[in-house]
Amino acid sequence: MYDIEALNKKLLPELRELGKELKIKRVESYKKQELIYKILDAQAIHNAVQNEKNEDIKSKQIILKRDKTPKLSKVDPADLNPDSAQKKSRRRIDPSIASKGVMLNSKGDNASDSNEPSTSATGQSRSRRDQLRAIIQEYTKEKPNANLSVEPIIQETGTNSSENIPSTKETEIQKATEPVKSEVKDQETPVTAPQDKSQDEKKRFEKRDTSSSNQQQGGHQRRLKQPDWQIKRDNPQRDNQPKANKQFEKPNDRTIERNNEKQTERAPEKQPERQPEKQQHVDKNYEFEGIVTNAGVLEIMPEGYGFMRSADFNYLNSPDDIYVSQSQIKLFGLKTGDTIKGTIRPPKEGEKYFPLIKVQEINGRSPEFIRDRIPFDHLTPLFPNEKFELTGKGHDNVSTRIVDMFAPIGKGQRGLIVAQPKTGKTVLLKEIANAISANHPEVYMIVLLIDERPEEVTDMARSVNAEVISSTFDEPAERHVRVAGMVLEKAKRLVECGHDVVILLDSITRLARAYNTVQPASGKVLSGGVDANALQKPKRFFGAARNIEGGGSLTILATALTETGSKMDDVIFEEFKGTGNMELQLDRKLSNKRIFPSVDIPASSTRREDLLFPKYILDKMWILRNYLGAMNSLEAMEFMKDRLMKTRSIEEFLISMNADS
């Protein structure tokens, strides 16, 4: 036997010789690959033919062994079923009954000393009927369960002569040589049996009846209940069949039993192979419940249940939403904007979302702490009394020092950055955000970009160490309002738990425009097309900034656009101008001369800055402001920038100012 790898290694002449040995036609006309496949096909055909020959030889050997040792099973005809006995007794005669009839006949002949047969056939048939009646009565006395019909047998024997009953020895010889047909052939040999032999056979039948009742099982029981000559009739003999038809013959009871034994022997070998497969199938049913931990901001629906929104999708509907049931919301006293951290599980059949299983933290606090929190509207607001340090840790540039000196930002500050277009407000916001995050890592910072350019969103997200939430100018006004509302609710919930939160909003003018678009018309329109009720919600957003008594603060720094050529922007700025407690104004003249930061120092200030500065710095700042008050924005900025570039910190500048005086 050659495989394809061995044939590929051989040369073409060797393959042709091998093909000739396998009797492949036209070997010279094939190429190498074609010849290889022809050889493989010829080998397969040759092996199949050889296997068939081996099977035929084995089957012949088995048949010869069985023919040499034939086994006959003699069964009492009383064990036959009543239905089958009535149907078959008309055409068949039990050999044991026939032998007993012969024995009775021999007894009668010996008693009368007349061995000559009767002269008339009618006389023989009548005596035969009497003999058979006596035999059957004896059997019915011995076995009351036997229900053999007497009259059909007598009628059948009346039509046949005594020569039609074969003896047991002759049937054994005929079973090995002749096939049994549907009816018993006429035989001319007379049957004579001595009396002793009939008694031995009767004892043998009685012993076999008792033993067979204990050993009969399954299909073997059905085979033992039939007479021996009837079994041979149902199963044709093998010797008289042609050899060509052996593979098509029906399997007898012995072959069925042998196949069953082989299957029972092979069954234990297959079981160990199936068991590991079942174990592997069980191991694949993983349980992911309680393994994955996730966090999100809760948004409660009007129906009572809620979803945990992801910051990656700006707190809007997304595939990462986690379902929170109504019972969980009531149990923990949850509100819209709560930042929840907990374990989830995969959705089951019919579910669309990952449900929340266990709540671990709410706004960074334990669930027990959240139950007793005070709502944001009932917290006591105070003036900012703790200043954010914008200098130090690598952020000692001119921009942060100018803001830190003339418009200090405290925790809970409500600051407004008034800026004209192209004055560098976005860059200034970025520097302030990085300075706060570096010097105050405990502060949770959110940068909210409303109606801004997408490239500015990307730049802000990559350059600021804070959470950036955006809704660009190509989005509808409803999205602007929804995103801003979720950010404000999240900030309020964090403040309720005692955290310091900073929101950098760019810009509040665009947010007010979005609220004006969404607001239904009330009939009261201000100058510039602003609805009278449209600015109420932006004012609530900006007015939420406060310092809380007992801990926690919300700081909002928002940019307001002025001198854009839009009357609406001027109206919005005028509405917000008096609501803030810190104002930082940027001047277009400074930015045109490329002086950055373009801060109008005389116009920028913070309310109650005495709560943020110590007394000695406050005294110095009073002197400095008095000196810069006579200057315009350009002169003041040039003076301060020149002095600050020569020093490394605010303290060093104040000391140098004292020395100059």
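Residue numbers (the numbering used here): 34 to 694. All C-beta atoms, glycine included, are put in the ideal place defined by N, C-alpha and C.
*Go to residue 324, then tell me how far its beta strand (DSSP E) extends in each direction, as first and last residue.*
On the sequence shown, residue 324 is found 291 positions in, with the first residue counted as 1. First-last for residue 324: undefined, no H or E at that position.
*Would DSSP call residue 440 helix, strand or coil?*
Within the sequence shown, the letter at position 407 stands for residue 440. In this structure, residue 440 counts as coil in the three-state DSSP scheme.
*Contact the region 354-361 vs the region 382-402: 3+ CB pairs below 8 Å*: yes
*For residue 321, count neighbouring Cβ atoms within 10 angstroms of its own Cβ and tell me buried if that reaches 16, exposed if not.*
Locating residue 321 in the sequence shown gives position 288, counting from the first residue. Exposed.
*If we count Cβ pairs, one from each stretch, closer than 8 Å, do we get three or more for the region 604-614 versus the region 647-657?*
no
_CA-to-CA distance, residue 350 to residue 747, given in whole angstroms_ = Any answer about residue 747 is impossible in this case: the structure gives the chain only from 34 up to 694.
*Whole-angstrom distance between residue 671 and residue 663, CA atom to CA atom*: For the purposes of this step, residue 663 is taken as residue 630 along the sequence shown, with counting starting at 1. For the purposes of this step, residue 671 is taken as residue 638 along the sequence shown, with counting starting at 1. So the alpha carbons of these two residues sit roughly 14 Å apart.
*Relative to the C-alpha of residue 435, which residue among 71, 619 and 484 is closest?*
What you label residue 435 is simply residue 402 of the sequence shown in a count that begins at 1. When each option's Cα is compared against that of residue 435, the closest is 619.
*Taking the C-alpha atoms as reference points, what is the distance between residue 91 and residue 75?*
Position 58 of the sequence shown, counted from the first residue, corresponds to residue 91. Position 42 of the sequence shown, counted from the first residue, corresponds to residue 75. The straight-line gap from Cα to Cα measures roughly 25 Å.
*Taking the alpha-carbon positions, what's the residue 56 to residue 89 distance?*
Walking along the sequence shown from the start, residue 56 turns up at place 23. Walking along the sequence shown from the start, residue 89 turns up at place 56. If I take the Cα positions, the gap works out to 24 Å.
*asked:* My assumption, with CB atoms under 8 Å, is that residue 563 sits in contact with residue 605. Please give the rounded CB distance.
replied: The residue given as residue 563 occupies position 530 in the sequence shown. The residue given as residue 605 occupies position 572 in the sequence shown. The pair is a contact, with the Cβ atoms about 7 Å apart (cut-off 8 Å).
*Run through the region 361-422 for me and flag every whole alpha helix (DSSP H) of 4 or more residues, listed as ranges in chain order.*
400-404
*asked:* Within the continuous alpha helix (DSSP H) that includes residue 448, where are the two ends?
replied: Numbered from its first residue, the sequence shown carries residue 448 at position 415. It is not in any alpha helix (DSSP H) - residue 448 instead sits in the beta strand (DSSP E) that spans 447-452.
*How would you label residue 41, buried or exposed, when you count the other beta carbons within 10 angstroms and need 16 or more for buried?*
For the purposes of this step, residue 41 is taken as residue 8 along the sequence shown, with counting starting at 1. By the neighbour-count rule (16 or more Cβ atoms within 10 Å), residue 41 is not buried but exposed.
*Inter-residue Cα distance where the pair is residue 95 and residue 82*: For the purposes of this step, residue 95 is identified with residue 62 of the sequence shown, where counting begins at 1. For the purposes of this step, residue 82 is identified with residue 49 of the sequence shown, where counting begins at 1. Going by the C-alpha atoms only, they are around 20 Å apart.
*Any chance the region 375-389 sits against the region 327-344, with 3 or more Cβ pairs inside 8 Å?*
yes
*Pull up the DSSP beta-bridge partners for residue 169, would you.*
Sequence index remark: in the sequence shown, residue 169 carries index 136 (1-based). Answer by DSSP bridge pairing: none, since residue 169 is not bridged.
*Out of 366, 365 and 374, which has the shortest C-alpha to C-alpha gap to residue 329?*
In the sequence shown, counting from the first residue as 1, residue 329 sits at position 296. Of 366, 365 and 374, the residue nearest in Cα terms is 374.
*Secondary structure at residue 531, three-state DSSP: helix, strand or coil?*
Sequence index remark: in the sequence shown, residue 531 carries index 498 (1-based). Looking at residue 531 - three-state DSSP - the assignment turns out to be coil, as it is neither helix nor strand.
_Extent of the continuous alpha helix (DSSP H) to which residue 496 belongs_ = By one-based count along the sequence shown, residue 496 stands at place 463. Element bounds for residue 496: 487-496.
_So the candidates are 625, 686, 72 and 334; which of them puts its Cα closest to the Cα of residue 36?_
Taking the first residue of the sequence shown as position 1, residue 36 is located at position 3. Here the closest residue by C-alpha is 72.
*asked:* Rounded to whole angstroms, what is the Cα-Cα separation between residue 61 and residue 38?
replied: The count along the sequence shown starts at 1 and reaches residue 61 at position 28. The count along the sequence shown starts at 1 and reaches residue 38 at position 5. For residue 61 and residue 38, the distance between alpha carbons rounds to 21 Å.
*Can we say the region 480-497 touches the region 638-648, given the rule of at least three CB pairs closer than 8 Å?*
no
*Who pairs with residue 342 in a beta bridge, going by DSSP?*
For the purposes of this step, residue 342 is identified with residue 309 of the sequence shown, where counting begins at 1. Beta-bridge pairing links residue 342 to 330.
_What residue range does the alpha helix (DSSP H) around residue 552 cover?_
As a first step, residue 552 is located in the sequence shown; it is residue number 519 there, counting from the start. Neither: residue 552 is in no alpha helix (DSSP H) and is coded neither H nor E.
_Identity of the residue in 487, 584 and 522 nearest residue 508 by Cα_ = By 1-based counting over the sequence shown, the position of residue 508 is 475. Measuring from the Cα of residue 508, the nearest candidate turns out to be 487.
*May I ask you to report which of helix, strand or coil DSSP gives residue 615?*
Locating residue 615 in the sequence shown gives position 582, counting from the first residue. Residue 615: strand per DSSP, three-state reduction.
*Residue from 368, 331, 366 and 413 whose Cα sits closest to the Cα of residue 354*: For the purposes of this step, residue 354 is taken as residue 321 along the sequence shown, with counting starting at 1. For residue 354, the nearest C-alpha among the options comes from 331.
*Could you give the distance in angstroms between the alpha-carbon of residue 554 and the alpha-carbon of residue 575?*
On the sequence shown, residue 554 is found 521 positions in, with the first residue counted as 1. On the sequence shown, residue 575 is found 542 positions in, with the first residue counted as 1. Distance between the alpha carbons of residue 554 and residue 575: 23 Å.
*Return the first residue and the last residue of the beta strand (DSSP E) that residue 478 is part of.*
The count along the sequence shown starts at 1 and reaches residue 478 at position 445. Residue 478 -> beta strand (DSSP E) spans 477-483.
_Beta-carbon proximity check, residue 348 vs residue 516, cutoff 8 Å_ = For the purposes of this step, residue 348 is identified with residue 315 of the sequence shown, where counting begins at 1. For the purposes of this step, residue 516 is identified with residue 483 of the sequence shown, where counting begins at 1. Yes; because the gap between Cβ atoms is below 8 Å, this pair is in contact.
_Beta-carbon proximity list for residue 542, same chain, < 6 Å, skipping 5 on both sides_ = For the purposes of this step, residue 542 is identified with residue 509 of the sequence shown, where counting begins at 1. Only 593, 594, 602 and 605 meet the Cβ criterion.
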